[in-house]
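Numbering (the numbering used here), first residue to last: 2 to 185.
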């Protein structure tokens, strides 16, 4: 009886290990990341140290990514003065050609550039054997620690996407206030 269950138990254990192997470590210190801008500049993540950063990886032709861009633009305008910064990076092939039209059409309130997919997957700790669901949004706190990371198939991006992003941004922005209040 137990001999028949052993292969099933091994299969279940292997599946659980595969799922855990695909999960990024959260929280983790954010490594440096440079978004390549169409004009040849690099927008370094470290340039925004001391701010709460949402790093959005997207596909310019993806409707979910376009909707996320609209929401992040709204929140950039609203929370930017309080220390919130959004950076966008297109990851599709030939993104350098698609980004200018994307910027023209959606007019994001934040810098949008591009990166090679393998660099993005490494930053996200995303295993290359798994499909990357878009958009991918990483939230980095004021100290440079990745506090949250959400992929396009995450419930975070459901109908309450703006509410979910807003709640997380407000939580991370409030941490500076609480830390400063404790020091006094």
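The beta-carbon is built from N, C-alpha and C at its ideal position, and this holds for glycine as well.
For residue i, which residues from the same chain have a beta carbon less than 6 Å from its beta carbon, with the 5 sequence-adjacent residues on both sides left out?
i           : result
residue 163 : 72
residue 118 : 92
residue 49  : 86
Keeping to the same chain, check which residues put their C-beta closer than 7 Å to that of residue i; ignore five residues upstream and five downstream.
i           : result
residue 110 : 74, 77 and 78
residue 28  : 146, 147 and 148
residue 99  : 61, 91 and 93
residue 37  : 43, 114, 115 and 116
residue 104 : 113
State the CB to CB distance for the pair residue i and residue j, rounded to an integer number of angstroms; the pair is presumed to be in contact (CB under 8 Å).
i           : j           : result
residue 127 : residue 25  : 7 Å
residue 46  : residue 135 : That pair is no contact at about 19 Å.
residue 170 : residue 53  : 6 Å
residue 132 : residue 176 : Between residue 176 and residue 132 the Cβ distance is about 33 Å, and since that is not below 8 Å, they are no contact.
residue 174 : residue 84  : 6 Å
Below 8 Å CB to CB, which residues in the same chain sit around residue i once its five sequence neighbours on both sides are set aside?
i           : result
residue 107 : 67, 70, 71 and 74
residue 101 : 39
Residues bridged to residue i by DSSP?
i           : result
residue 44  : 36
residue 149 : 140
residue 54  : 86 and 141
residue 188 : The chain is shown only over 2 to 185; residue 188 falls outside these bounds and no answer can be derived.
residue 30  : 146
residue 59  : 91
Using the beta-carbon count (16 or more within 10 Å), is residue i buried or exposed?
i           : result
residue 152 : buried
residue 154 : exposed
residue 95  : exposed
residue 31  : buried
residue 168 : exposed
residue 89  : buried
residue 57  : buried
- Message: Any contact between the segment 113-120 and the segment 34-43? By contact I mean 3 or more CB pairs, one from each, below 8 Å.
- Response: yes
- Message: Is it the case that the segment 164-176 contacts the segment 117-125, given that we only count it when at least three CB pairs across the two stretches are under 8 Å?
- Response: no
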